[in-house]
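Each remark here refers to the structure printed beneath this line.
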Amino acid sequence: MKDFKLIAKTLAGLEDVLAREIKNIGGKNVRRGNRAVYYEGDLELIYKSNYQLRTALRVLKEIEYFQFKNVDQFYLKSKNIDWSKYLSIEENFRIDSVVINSNDFRNSMFASLKVKDAIADYFREKTGKRPDVNTDEPDIIINVHIFENSCTLSIDSSGESLHKRGYRIKQGEAPLNEVLAAGMIMLAGWYGNSDFMDPMCGSGTLPIEAAMIAHNIPAAKLRKEFAFQKWHDFDTLLWDKVIEPTPRREFRHTIYASDISSGNLLNAQTNARRALVFNKIKFQKADFKDLQIDFRNGTIITNPPYGERLIEANLDGLYQMIGERLKHQYTGNDAWILSAAADSMKFVGLKPNTKIELMNGALKCKFNQYQIFDGKMEKK
Ligand SMILES: C[S@@+](CC[C@H](N)C(=O)[O-])C[C@H]1O[C@@H](n2cnc3c(N)ncnc32)[C@H](O)[C@@H]1O
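Under our numbering, the first residue of the sequence shown carries the number 336, and numbering increases by one thereafter.
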């Protein structure tokens with residue numbers, strides 16, 4: 336099968352994890368970009384990328400790359416593409432644009448407008464008719480990426496962002512993006528190789544993603560739609576092959592999820608049920624202060640309140656409590672905390688072994704690792 340140039344978009348800080356995932360599913364010539372990974376692969380790999388990648392937000396197939404001197408040349412080069420390969424006059428389309436450091440394009444809307452004109456004129460000159468624009472539910476999504484004087488035109492194979500796995504029906508006040516949660520787990524090096532715990536699980540994103548990783552459940556198993564299903568070359572048999580059930584990995588450890596709020600815990604349980612992992616997670620309503628779990632050689636990953644979106648009376652005290660519990664009840668484990676509350680994080684009172692910068696939406700966060708050695712153990 337023919338190979339295409341592909342681009343998988345991700346969140347800042349997850350590029351290396353995504354590159355590894357892409358290599359694991361057979362991506363060729365994998366190169367790390369900025370919030371993106373570039374690679375090559377055939378149609379089957381496009382389907383697989385959408386179905387399996389946990390840290391990709393969307394997957395684009397490159398149509399054309401060109402450089403331009405001005406807007407007129409940009410329009411002409413855009414019109415010169417054989418758009419009939421991707422679109423017909425009966426279909427409608429949307430254009431998503433990103434513009435970085437361009438003198439010709441001040442905003443992305445102008446870039447979208449120019450490509451829309453180019454597509455409309457291409458069809459009008461050929462057939463006298465043009466396909467319609469549909470911003471809500473388009474048949475085909477064209478992606479325009481302008482950097483200085485170069486442009487990459489791609490066709491979006493995903494449609495809705497891939498973080499929409501299809502299991503979230505209930506959410507707390509500040510749920511993590513599913514792609515971020517999966518990325519955090521992979522950055523922590525957890526692949527189902529030990530027990531896992533999130534003692535402040537909120538709507539359950541971390542334990543649910545952990546359960547999907549541990550049991551080898553494809554990221555998009557529950558998703559109903561992908562943009563490539565409307566492509567002219569959509570191959571149903573190939574898609575059926577990609578989604579053929581894979582053997583579940585045997586997982587001999589336990590995933591614990593708890594939260595102080597019974598409402599949030601209920602949301603987490605509902606989401607887990609939808610994700611078909613409810614019986615793979617041990618849920619408990621508990622204040623972390625009082626949580627008694629015999630937990631050894633495991634990984635704790637949690638996302639406590641930051642005081643930004645969730646109002647917390649004594650944020651410093653909360654982080655101090657987390658540090659004390661880790662030191663006294665949870666020695667011999669690897670703990671990771673994601674937080675935007677940089678000052679309060681110091682109250683954990685442990686020296687981080689690793690500090691990673693991540694973005695949770697618009698919030699700059701630290702993802703800190705604390706290896707809590709057991710006094711009796713020299714090294715974990
Ligand atoms: C930022 S939210 C976690 C969001 C979660 N990662 C998600 O994806 O939905 C923080 C959670 O910590 C919980 N929490 C706050 N204080 C707690 C405590 N002392 N013990 C346990 N959970 C606590 C809150 O109820 C809230 O659900």
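Even glycine gets a Cβ: it sits at the ideal position worked out from N, Cα and C.
Quantities reported herein were computed from a predicted structural model and do not represent experimental measurements.
Among Thr689, Met336 and Glu579, the one whose alpha carbon lies nearest that of alanine 670: Thr689
Where the beta strand (DSSP E) through phenylalanine 458 begins and ends: Element bounds for phenylalanine 458: not the beta strand (DSSP E) but the alpha helix (DSSP H), 443-462.
Backbone CA spacing between alanine 677 and lysine 699 [nearest angstrom]: 9 Å
Backbone CA spacing between leucine 541 and threonine 637 [nearest angstrom]: 8 Å
Same chain, Cβ closer than 7 Å to valine 352, neighbours up to 5 away in sequence not counted: Thr390, Gly518, Met521 and Leu522
Any non-hydrogen atom of ligand 1 closer than 7 Å to threonine 540 Cβ: yes
Own chain partners of valine 394 with C-beta closer than 7 Å, once the 5 adjacent residues on each side are dropped: Leu341, Ala343, Ile381, Ser384, Asn385, Ser492 and Ser493
Contact test: serine 496 Cβ vs ligand 1 heavy atom, cutoff 7 Å: no
Within 8 Å, strictly: CB atoms of aspartate 474 and asparagine 438: no
Aspartate 338, buried or exposed, once every other Cβ within 10 Å from all chains shown has been counted against 16: exposed
Beta-bridge partners of alanine 670, as assigned by DSSP: Ile635 and Tyr705
As assigned by DSSP and simplified to three states, the class of alanine 592: strand
Nearest to glutamine 387 (by Cα), restricted to the options Ala555, Pro640 and Ala603: Ala555
Length of the line joining the Cα atoms of aspartate 625 and leucine 392: 37 Å
Beta-carbon contacts of alanine 675 that lie in its chain and below 7 Å, excluding the five residues immediately before and after: Tyr641, Glu643, Asn695, Leu698, Lys699 and Cys700
Leucine 573 vs glutamate 379 beta-carbon contact at 8 Å: yes
Segment contact, 8 Å Cβ cut-off, at least three pairs: the region 403-414 with the region 524-542: no
Near ligand 1: aspartate 594 beta-carbon under 7 Å from a heavy atom: yes
Simplified DSSP state of threonine 605, which is helix, strand or coil: helix
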